[in-house]
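Position 386 (the sequence shown) corresponds to 583 in the numbering used here; numbering is contiguous.
Glycine included, each C-beta is placed from N, C-alpha and C at the ideal position.
Only a predicted model underlies this, so the values are computations on that prediction, with no experimental measurement involved.
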Amino acid sequence: MTNEISGAALLAQGIFDSGARTLFALAGATHAPLLMAFEDLGGRIIGGRHESGTVGAADGYARRTGRIGFACIITEQGLQNALTAIMTAAQSESPIVVLATRFPDSWIEPAVAYAVDRHELTAPFIKFSRTVPSADRLGEYFAAACKAACEGVPGPALLVLPMDMMTQMVAADLPGAYAPVALPPARDAQVAAAAALIAQAQRPIIVTDVGAARGDCQDALNRLAALGIPVLGNSLGRGIVPEHAPTGYPWPYAQRAAPLADLVIAIGAKMTMWFGYGKAPRFGEGARFIHVDDNAAAIGRNLPVDLPIIGHMGDSLAMIADNLEAQGFARDPQWIVDALAERKGRVDGLRNDPDAPLHQLEIGAALNDLLPEDRILIGDGADILNFTFGHMRVNRARSYADHLPLGAMGSGFPIAVGMAAGEAELAAARGTEPVPAVLVTGDGSVGFFLAELDTMRRAGLRLTVLVSNDGKWGTEYHGQDITYGRTVNTDLGVSDYAAIARAFGCSGTVADSRESLRAAIAAAQAADGPALIDVRIDPMGGQVRKRDPLVGMILFEDIAKKH
Numbered sequence: 198m199t200n201e202i203s204g205a206a207l208l209a210q211g212i213f214d215s216g217a218r219t220l221f222a223l224a225g226a227t228h229a230p231l232l233m234a235f236e237d238l239g240g241r242i243i244g245g246r247h248e249s250g251t252v253g254a255a256d257g258y259a260r261r262t263g264r265i266g267f268a269c270i271i272t273e274q275g276l277q278n279a280l281t282a283i284m285t286a287a288q289s290e291s292p293i294v295v296l297a298t299r300f301p302d303s304w305i306e307p308a309v310a311y312a313v314d315r316h317e318l319t320a321p322f323i324k325f326s327r328t329v330p331s332a333d334r335l336g337e338y339f340a341a342a343c344k345a346a347c348e349g350v351p352g353p354a355l356l357v358l359p360m361d362m363m364t365q366m367v368a369a370d371l372p373g374a375y376a377p378v379a380l381p382p383a384r385d386a387q388v389a390a391a392a393a394l395i396a397q398a399q400r401p402i403i404v405t406d407v408g409a410a411r412g413d414c415q416d417a418l419n420r421l422a423a424l425g426i427p428v429l430g431n432s433l434g435r436g437i438v439p440e441h442a443p444t445g446y447p448w449p450y451a452q453r454a455a456p457l458a459d460l461v462i463a464i465g466a467k468m469t470m471w472f473g474y475g476k477a478p479r480f481g482e483g484a485r486f487i488h489v490d491d492n493a494a495a496i497g498r499n500l501p502v503d504l505p506i507i508g509h510m511g512d513s514l515a516m517i518a519d520n521l522e523a524q525g526f527a528r529d530p531q532w533i534v535d536a537l538a539e540r541k542g543r544v545d546g547l548r549n550d551p552d553a554p555l556h557q558l559e560i561g562a563a564l565n566d567l568l569p570e571d572r573i574l575i576g577d578g579a580d581i582l583n584f585t586f587g588h589m590r591v592n593r594a595r596s597y598a599d600h601l602p603l604g605a606m607g608s609g610f611p612i613a614v615g616m617a618a619g620e621a622e623l624a625a626a627r628g629t630e631p632v633p634a635v636l637v638t639g640d641g642s643v644g645f646f647l648a649e650l651d652t653m654r655r656a657g658l659r660l661t662v663l664v665s666n667d668g669k670w671g672t673e674y675h676g677q678d679i680t681y682g683r684t685v686n687t688d689l690g691v692s693d694y695a696a697i698a699r700a701f702g703c704s705g706t707v708a709d710s711r712e713s714l715r716a717a718i719a720a721a722q723a724a725d726g727p728a729l730i731d732v733r734i735d736p737m738g739g740q741v742r743k744r745d746p747l748v749g750m751i752l753f754e755d756i757a758k759k760h
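Right under this line is the structure:
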């Protein structure tokens, strides 16, 4: 006789079989049996305070661990609230499965005031959206959702679960956990062609984005960097090669040198607006392009490429590195150091006046000096995100995230919760203490998900939040002031975010000088629990970003002028 278990127990086992030991959930009666079953298996439940906070944390978990992130919400009132986080995960190519429980069919009123087709609601930006039709198919539909979230270009999947299926008894049979099929590497002729193009180039660069993080590229990229090819990382593509000059940089900072490159090697990076569509003036008019990706649709997006390679990114790059090493290829990356010298001088110069008010750049500089090499960093906001690129560096794969490319303000906070939770899970498996995670955000962006302070306190996460507090929507204020000579709807007032953190049970500190900032960061790193540092920065410090191109690192204006 076939063993039977509850539908909730079957789903909990499926989550465990995927490798996940953490489940993000908003409180909801319809999925309580699933949470209990997951807890009974030894899993950890992290309860959020908003649906987008909960789903966003699953996104952050997926970014840090490379595993599927799972989130439980209710469908009727909750799915609409989760849309921003689902869209963020879709554009960031994060494999997540949203388990949305709902009332059973027998409870649905025929004259309901409004009827929302949940699958139509999410269809434009989700990979898989289904309602399980019967309890005996729970395992089949769960496996299909996990497969959809992971295969090809990863992204979000939605599985709607009528609540009565949670307690129905079903066969204890689950399809095996999804195992992705590895693509073959580049063909020998493509490897030879790529090596020939690189050998002809005097100033080659590599640009990595989120796709590179899933492509098993770390060893090969570091070999290519050792040959003198600078690697410019963006988003989850940061840290695969440590960001140490002269061969490792964040793309937003180093893109100023990109027009000098005569060859661009794009790895898991779509040439979207954030890369100037791959065109001048962001890149040189005559630059040649090699694009290596596991996603055919990404190659040739917005511009033709000289050599497209569709295949396993890590294996393909390793073969190219073998060829170049056999040739004795090497380049001197000093050219990119020289190209960035003016920017470096300007960025450093903004910090050199000890009597000036505290500038946003000090936050990234202090973190870069005080955090361990294997730091985990999350960015959010507008002006402050721009300024963190000035000094804050990432030196390990899957250790950086921000709210781009969608750019929904505030979403960095839940992503940070998920990354800290993912690191805690990985550390437990390693038998080590988790590396503390740090979120740098603004006083505007932090307001969207302030209640997640409660989440990180209840979960005991090693997460420090630094709020760059200038009392305004800074990028809007300075843009209006420069453009119109006046401002409207931009003032926030200098709220006491440290007091708010303490009200939620977290450590809360105000820093208003270079010394107090560094002392607060050191204290937060030494503590075991969550902390918030309210950094009172120069309210006019953001204006330089609008006026000086050496300081502006998140670029739009060049596209507008060109196109």
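Euclidean distance between Cα positions of residue i and residue j
{"i": "Leu-418", "j": "Ala-234", "result": "42 Å"}
{"i": "Lys-541", "j": "Pro-736", "result": "23 Å"}
{"i": "Glu-306", "j": "Ile-270", "result": "21 Å"}
{"i": "Ala-420", "j": "Arg-241", "result": "Before going on, a small fix: residue 420 reads as Arg here, not Ala. If I take the Cα positions, the gap works out to 38 Å."}
{"i": "Trp-670", "j": "Thr-444", "result": "35 Å"}
{"i": "Gly-726", "j": "Arg-659", "result": "5 Å"}
{"i": "Ile-756", "j": "Gly-473", "result": "Interpretation of Ile-756 is limited by its pLDDT of 48, a score under 50 that renders its predicted location unreliable; the figure taken from the coordinates is listed afterwards. Each residue's Cα considered, the two are about 6 Å apart."}
{"i": "Ala-410", "j": "Arg-548", "result": "33 Å"}
{"i": "Val-544", "j": "Val-748", "result": "6 Å"}
{"i": "Arg-435", "j": "Lys-467", "result": "15 Å"}
{"i": "Cys-414", "j": "Ser-713", "result": "40 Å"}
{"i": "Tyr-375", "j": "Thr-262", "result": "16 Å"}
{"i": "Ala-217", "j": "Arg-572", "result": "22 Å"}
{"i": "Leu-752", "j": "Tyr-694", "result": "29 Å"}
{"i": "Asp-529", "j": "Arg-264", "result": "38 Å"}
{"i": "Ser-642", "j": "Leu-689", "result": "11 Å"}
Span of the alpha helix (DSSP H) around residue i
{"i": "Tyr-681", "result": "671-681"}
{"i": "Cys-163", "result": "Given a span of 198 to 760 for the chain in the structure shown, any question on residue 163 remains unanswerable."}
{"i": "Val-767", "result": "Because the chain is modelled from 198 through 760, residue 767 falls outside the range shown and cannot be assessed."}
{"i": "Leu-358", "result": "No alpha helix (DSSP H) holds Leu-358; the beta strand (DSSP E) holding it covers 353-359."}
{"i": "Trp-350", "result": "As written in the sequence, residue 350 is Val, which differs from the Trp given in the question. No alpha helix (DSSP H) contains Val-350, which DSSP labels as neither H nor E."}
{"i": "Thr-319", "result": "315-319"}
{"i": "Gly-408", "result": "407-410"}
DSSP-derived helix/strand/coil call for residue i
{"i": "Gly-668", "result": "coil"}
{"i": "Leu-708", "result": "Per the sequence presented here, residue 708 reads as Ala, with Leu not at that position. Strand."}
{"i": "His-509", "result": "coil"}
{"i": "Arg-435", "result": "coil"}
{"i": "Met-750", "result": "coil"}
{"i": "Pro-427", "result": "coil"}
{"i": "Tyr-375", "result": "coil"}
{"i": "Glu-201", "result": "strand"}
{"i": "Lys-743", "result": "helix"}
{"i": "Thr-328", "result": "strand"}
{"i": "Ala-598", "result": "strand"}
{"i": "Asp-550", "result": "coil"}
{"i": "Gly-619", "result": "helix"}
{"i": "Phe-401", "result": "Here residue 401 is Pro; the residue named in the question, Phe, does not match the sequence. Here Pro-401 sits in strand by DSSP."}
{"i": "Ile-305", "result": "coil"}
{"i": "Met-468", "result": "coil"}
{"i": "Arg-420", "result": "helix"}
{"i": "Gly-576", "result": "strand"}
{"i": "Met-737", "result": "coil"}
{"i": "Gly-639", "result": "strand"}
Contact belief for residue i with residue j at Cβ below 8 Å, rounded distance in angstroms
{"i": "Asn-592", "j": "Glu-620", "result": "The Cβ separation is near 15 Å, so there is no contact."}
{"i": "Gly-561", "j": "Phe-584", "result": "6 Å"}
{"i": "Leu-207", "j": "Ala-369", "result": "7 Å"}
{"i": "Ser-326", "j": "Ala-320", "result": "6 Å"}
{"i": "Ile-293", "j": "Ala-345", "result": "The Cβ separation is near 11 Å, so there is no contact."}
Extent of the continuous beta strand (DSSP E) to which residue i belongs
{"i": "Arg-733", "result": "728-733"}
{"i": "Thr-770", "result": "In the structure as shown, the chain begins at 198 and stops at 760. Residue 770 is therefore absent and cannot be evaluated."}
{"i": "Ile-270", "result": "266-271"}
{"i": "Tyr-446", "result": "445-447"}
{"i": "Leu-460", "result": "460-464"}
{"i": "Leu-582", "result": "It is not in any beta strand (DSSP E) - Leu-582 instead sits in the alpha helix (DSSP H) that spans 580-585."}
Nearest to residue i (by Cα), restricted to the options the options
{"i": "Val-691", "options": "Ser-704, Gly-639, Ile-305 and Arg-327", "result": "Gly-639"}
{"i": "Arg-400", "options": "Arg-485, Met-362 and Gly-473", "result": "Arg-485"}
{"i": "Gly-336", "options": "Met-363, Ile-323 and Glu-348", "result": "Met-363"}
{"i": "Phe-770", "options": "Leu-296, Pro-381, Ile-697 and Trp-304", "result": "For residue 770 there is no data in the structure shown, the boundaries of the chain being 198 and 760."}
{"i": "Glu-522", "options": "Ala-422, Pro-551 and Ala-451", "result": "Ala-422"}
{"i": "Phe-480", "options": "Ala-563, Leu-457 and Asn-492", "result": "Leu-457"}
{"i": "Glu-248", "options": "Glu-649, Ala-495 and Ile-751", "result": "Glu-649"}
{"i": "Trp-304", "options": "Thr-227, Ser-291, Glu-236 and Arg-264", "result": "Thr-227"}
Cutoff 7 Å: residue i Cβ touching any chain B Cβ
{"i": "Ala-393", "result": "Absent here is chain B; the protein component of the structure consists of one chain."}
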